Amino acid sequence: MPGLVIIGAQWGDEGKGKITDYLAEDAEMVVRFQGGNNAGHTIIVDGKTFKLQALPSGVLRPDKTAVIGNGVVINMEEMEGEIKRIVDAGGSIANLKISDRAHLIMNYHKKLDGAEEKYRGNKPVGTTKKGIGPAYQDKISRIGFRVGDLYEEDLLKEKISFMIPYKKDLLDMMDAEKCECTNGSLFAKMMRWRDMVDGLVCDTSVLINDALDAGKKIVFEGAQGAMLDIDHGTYPYVTSSSTCAGGACTGAGVAPKKIDSVIGCLKAYTTRVGEGPMVTEMEGEEEEELQRLGGEFGVVTGRGRRCGWLDLVQAEHSTRLSGFTSIAITKIDVLCGYKEVKVCTAYEIDGDVIRHFPASLSKIEAAKPVYKTMKGWEGWNDTAEVVRNGYEALPEEMRSYISLIEESLKVPVDIVSVGPGREETIVRRNPWHS
Ligand code: IMP
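Anchor point for the sequence shown: position 287 equals 297 in the numbering used here, and the numbering is continuous, going up by one each time.
Dropping the structure here:
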């Protein structure tokens, strides 16, 4: 079972980092396949805290190869700072491999992201303003810079002389912050980036496929979540990449038949950052309470996350799109102490009961959650003991909650995360060994 994909089953921030870290233990390679520095992760190694956005988390595990696949958009400037912090702390990035087909996020992309948000007036997407959307726009428009271009100086100069006047005009037209760079300064900067990544750039699809063919275990680590998928999410309140399992094939250059398992990370309740509909969203004190209990504040933006009850209509959508073979339920410990917990099992839209997540934004906005109310459960003092005693010793009501998820989604909950630490995890069936 060498190819395993990890996907966020909601709107991101499901705790994929912890599950990836746990499953990467047995893997030889960890691959990012979409998104960019809009995803952030905090990693603690030997007591030192690293906040990574442009680099994949796997880079801090010297015994594994960390891969940035072709589907990722890379902010080299941010990566430069992150590399420096790792090197200054005595680490190395020698285990990093970067696809020559990955696209670059440029400064003008960030400026355009901010300007587009302003143009949307009272209906912004609520992006991270990292330039993700504009970088993918250039990719789709077939004008973007790719990592491999750094090695073709004539091509690079030609692209730069097209790009600078084009983006300057665009920024002027949008009344955005000006782009101060010249052809020469941008070329010099890109040569510095080439020196930085020299020796790390390759055809990562070949690297990954060779490893899979040799039976090596590979984790494909999704960023964001299924509901932020450009095709299947709550469009236009989405990110600009394919966040579902299919994105691993296009974004890493592997065939579908090479993927054996897909783990859906499902937070025991729902959160969302940025704008867009969220049917089970709470209000007022109820929301603030869950936000506080779950520590629901963004790593990249610091924004408080919107919170709500678990939504099985939404979870069915992401389960179907990615074909989860297992679910890892996260942060279920956050719900300990609630007298009652609610789970949304259907939507009521204009008097009709709906069980599939609609495409139409106005329908999603009009949807009223149909809740099943369940008895809550008490917490515990000693998580280590809870983990030692295993799944059957978890509170009965918590297990009923998990059973409802399994029955509704028809996927086993194989991993139950009961705390932030790696050891605070109950594994009912290890996806590598199935
Ligand atoms: P963008 O990816 O910066 O274009 O932002 C588009 C939407 O995706 C916004 O609602 C962001 O808040 C959301 N988003 C992007 N990255 C993440 C993430 O890593 N976690 C949660 N939400 C994200």
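Every residue, glycine too, gets a C-beta built ideally from N, C-alpha and C. Note that the coordinates shown come from a computational prediction; the quantities given were computed from them, not determined experimentally.
Between the beta-carbon of ILE269 and that of VAL41 there is about 11 Å, and that puts the pair past the 8 Å contact cut.
The region 229-241 makes no contact with the region 110-121: fewer than 3 CB pairs, one atom from each, lie closer than 8 Å.
Between the ligand IMP and VAL283, a heavy atom-to-CB distance of less than 7 Å is present. Runs of the beta strand (DSSP E) spanning 3 or more residues and lying entirely within the region 28-112 occur at 39-42, 51-55, 58-62, 75-78, 106-109, in chain order. Only residues of its own chain outside the window of five on either side were considered, and among them CYS346, GLY347, PRO405 have a CB closer than 8 Å to the CB of GLU388, listed in chain order. For GLY305, the secondary structure class from DSSP, reduced to helix, strand or coil, is coil.
DSSP lists VAL353 as the bridge partner or partners of LEU320. Contact check for VAL323 against ARG282 fails: the beta carbons are separated by 8 Å or more. With fewer than three CB-CB distances shorter than 8 Å, the region 300-310 does not count as touching the region 363-378. Annotation: TYR247 to ASN399 spans about 42 Å, alpha carbon to alpha carbon.
In this structure, GLY143 has its CB closer than 7 Å to one or more heavy atoms of the ligand IMP. Pairing GLN44 with ILE108, the inter-Cα distance amounts to about 13 Å. Listed in chain order, the alpha helix (DSSP H) runs fully inside the region 225-261 amount to none, counting runs of at least 4 residues. Annotated three-state conformation of THR329 is helix, per DSSP. In this chain, the alpha helix (DSSP H) harbouring PRO144 covers 142-150.
Membership of ASP205 in the alpha helix (DSSP H) is indicated by the continuous run 193-207. Using a Cβ distance threshold of 8 Å, PHE334 and GLY274 count as a contacting pair. Here PRO379 carries a strand assignment [DSSP, helix/strand/coil]. Ranking GLU285, ASN48, THR280 by CA distance to the CA of LYS61 puts ASN48 first. The C-beta distance from MET39 to LYS226 rounds to 6 Å, short enough to fall under 8 Å. ILE359 sits in a strand when the DSSP states are folded into three classes. In the displayed model, GLU187 falls within coil according to three-state DSSP, outside both helix and strand. When only Cα atoms are considered, ASN117 and GLY308 end up about 23 Å apart. Note on GLY27: 16 or more other CB atoms within 10 angstroms of its CB, so buried under the neighbour-count rule.
When ASP73, THR30, GLY46 are compared, the shortest CA-CA separation from ILE53 is found for THR30. With a cut-off of 7 Å, the C-beta of THR244 is classified as distant from the ligand IMP, since no heavy atom of the ligand falls inside that distance. Shown here for ALA76: same chain residues with a beta carbon closer than 6 Å to its own, the five before and five after excluded, namely VAL40, PRO66, GLY68, VAL69, ASN105, LEU106 in chain order.
In this structure, GLN147 has its CB at a distance of at least 7 Å from all heavy atoms of the ligand IMP.
VAL423 carries a strand assignment under DSSP once its states are collapsed to helix, strand and coil. According to DSSP, residue pairing for VAL428 in a beta bridge does not occur.
Distance check between GLY25 and each of ASN440, GLU433, VAL437, SER427 places SER427 closest, using alpha-carbon atoms only.
Across the set LEU217, GLU285, TYR146, the C-alpha of GLU285 shows the shortest separation from the C-alpha of ASN132. In the three-state DSSP reduction, SER372 falls in the helix class (H, G or I).
Residue side-chain check: TYR401 keeps its Cβ at 7 Å or more from all non-hydrogen atoms of the ligand IMP. Judged by their CB atoms, THR355 and TRP319 are not nearer to each other than the 8 Å cut-off. At least one heavy atom of the ligand IMP lies closer than 7 Å to the C-beta of SER250.
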